[in-house]
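Residue numbers (my numbering), protein chains in the order written: chain Y, 885 to 1102; chain L, 73 to 252.
All C-beta atoms in this analysis are idealised placements derived from N, C-alpha and C, irrespective of residue type, glycine included.
Given the structure is predicted, the values throughout are model-derived calculations rather than measurements.
1. Answer yes or no: does any C-beta atom of chain L fall closer than 7 Å to that of residue 916/Y?
2. Give a yes or no on whether the C-beta atoms belonging to residue 1080/Y and residue 1055/Y are separated by under 7 Å.
3. At a CB-CB cut-off below 8 Å, which residues of chain Y make contact with residue 120/L?
4. Measuring only between beta-carbons, confirm whether residue 889/Y sits less than 7 Å from chain L.
5. Thinking C-alpha only, which one of 1000/Y, 1028/Y, 1037/Y and 1044/Y is nearest residue 983/Y?
6. Give the straight-line distance between the Cα atoms of residue 1000/Y and residue 1047/Y, rounded to the nearest whole angstrom.
7. Just to confirm the assignment, what range does the alpha helix (DSSP H) spanning residue 1018/Y have?
8. Which chain L residues sit within Cβ distance under 7 Å of residue 898/Y?
9. If we ignore side chains and look at the alpha-carbon of each, how far apart do residue 102/L and residue 231/L end up?
10. At a CB-CB cut-off below 9 Å, which residues of chain Y make contact with residue 116/L?
11. Check whether chain Y comes within 7 Å of residue 110/L, counting only Cβ atoms and requiring the distance to be less than that.
12. Does the CB of residue 99/L have a neighbour CB from chain Y at under 7 Å?
13. Would you give the residue range spanned by the alpha helix (DSSP H) that residue 196/L belongs to?
14. Which of the three DSSP states is assigned to residue 213/L in this structure?
15. Between residue 123/L and chain Y, is any beta-carbon pair separated by less than 7 Å?
16. Grab me the residues of residue 139/L's own chain with a C-beta within less than 6 Å of its C-beta, minus the 5 sequence neighbours each way, in chain order.
17. The region 203-221 of chain L: which residues have C-beta closer than 9 Å to a C-beta of chain Y, in chain order?
18. Does the beta carbon of residue 106/L come closer than 7 Å to any beta carbon on chain Y?
19. In chain order, what residues of the same chain have a beta carbon less than 8 Å from the beta carbon of residue 1008/Y, not counting five sequence neighbours either side?
20. Thinking just about the alpha-carbon of each residue, which of 143/L, 192/L and 91/L is nearest to the one in residue 918/Y?
21. Can you give me the Cβ contacts of residue 164/L inside the same chain, cut-off strictly under 6 Å, excluding the 5 residues immediately before and after it?
22. Taking Cβ-Cβ distances shorter than 7 Å, what residues in chain Y pair up with residue 102/L?
23. Checking contacts by CB at 7 Å: is residue 146/L closer than that to chain Y?
24. Which bits of chain Y does residue 127/L rub up against, with CB to CB less than 7 Å?
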């Protein structure tokens, strides 16, 4: 046996002792796996309820606000004043009220987007983006586009935020974990940061959005 | 119970089947994680994460490869990611040259050979180290390694060849010394 072969043989024998494992702590690991999975499932449940509320509920919310607005409008009309005939009043009363309803929906939507992006950023930092994130982003993206085309999108500030959100959500919707995944995540992070999306979303509280309505109406 | 049936039962929410799947594979996954990380706590974390991900993604398992190969692909990915994250806490960052010394030092007794060898393995690039540990330490075949790491068999062989060459280089001072 040559000196080199002899060394190889000794290396092979000694390598078997490299980081030699102890007994496998099966039960302890299993207990934590069960716990971790239950925790994730709970978070999943909460997330689905929060992010993926179907759009028809928005419609119901918008309709409810519309009805409330009409009721309030009727209740506040001065009794002694001359009430114009119905057909002449209807278009004036309905248009601003509809805008208000859509703004309320937009506020709720942006709140969901903010929660989603906050969770996404935290997961991206840990390098463990949930596999459901792209699907959730697609749903939010659809709603964002619908809102941008709605009366809510006529407000320049709101439209600007919806546009930024649309871009970021479109990137996340296309995200695929894999060879380029890390690079894509960096890109998405950059997009969120450069556009100041989280700051803009924080500033878009329901009162801010509804306040814009009041100012816009004046 | 065969593998396919086990998977079907796990997908159907059978807790006993989940545990059976875990029991069938946990030892090998943990051993590999421990060999690569050298720390019980980190190896446990990697093993847990491997199984959590496996259960979450089991519905995506198409059965093209053996379940153990698929599981090990998850495990190696988790381990390599973990090592990247925690490497500052490990001495693995010590360059191979440091572990190898200058090459002109006098040969030492074999206990030093063992220590030097382990340091030299620590100093290997992670992918070489993974192939070396899987093949020469844990006894995986090149076919298993190729499927697990998603590389050609030839690549696995080439990486093992380079890993061994680096170790030989690092241990050159011990050549010709008496066997232990």
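The answer reads as follows:
1. yes
2. Not closer than 7 Å, so no.
3. 913, 916, 917 and 920
4. no
5. For residue 983/Y, the nearest C-alpha among the options comes from 1037/Y.
6. 16 Å
7. 1017-1032
8. Below the 7 Å Cβ cutoff, chain L contributes 185, 186 and 189 as neighbours of residue 898/Y, in chain order.
9. 23 Å
10. 909, 912, 913 and 916
11. Yes, because at least one Cβ of chain Y sits closer than 7 Å to the Cβ of residue 110/L.
12. yes
13. For residue 196/L, no alpha helix (DSSP H) run applies, since DSSP gives it neither H nor E.
14. coil
15. yes
16. 75
17. 204, 205, 208 and 209
18. yes
19. 1069, 1072 and 1073
20. 91/L
21. Reliability of the predicted coordinates at residue 164/L is poor, the pLDDT of 43 falling under 50, and the value obtained from them is presented with this limitation in mind. Cβ neighbours of residue 164/L beyond the five flanking positions: 194.
22. 905 and 908
23. no
24. 921
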